[in-house]
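Below is one structure, written out as structure tokens; comments come after it.
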Amino acid sequence: MNHSENSLHGLGAEFSSPSALMHAAEKVRDSGFRKWDVYSPFPIHGMDAAMGFQRSR
Numbered sequence: 008m009n010h011s012e013n014s015l016h017g018l019g020a021e022f023s024s025p026s027a028l029m030h031a032a033e034k035v036r037d038s039g040f041r042k043w044d045v046y047s048p049f050p051i052h053g054m055d056a057a058m059g060f061q062r063s064r
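Numbering (my numbering), first residue to last: 8 to 64.
Laid out in structure tokens, this is it:
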């Protein structure tokens, strides 16, 4: 059994601006992470694209 596949990891970060958060989201996406999320107290236009979400049908 590969323990890395069964381990739960977490990381929290605070960013100074919505654009800094979007840049970080793009880097996470480009690094190949698959299960991650972004939290903000308000909607950030373009965050879905930064996270790599496709349009729903």
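Yeah, the Cβ is synthetic: ideal placement off N, Cα and C, and Gly gets one too.
- Message: Using only CA atoms, which one of G59, R64 and L28 lies nearest to I51?
- Response: Of the candidates G59, R64 and L28, the one whose C-alpha sits nearest the C-alpha of I51 is L28.
- Below 8 Å on the Cβ atoms is my guess for R36 versus M54; work out the distance and round it to an integer in Å. Rounded, the Cβ-Cβ distance is 11 Å, inconsistent with contact.
- Message: Going by DSSP in three states, V35 sits in which element: helix, strand or coil?
- Response: helix
- The alpha helix (DSSP H) enclosing D55, as first and last residue numbers: M54 to M58
- Query: For A20, does the count of other Cβ atoms within 10 angstroms reach 16, so buried, or fall short, so exposed?
  - Reply: exposed
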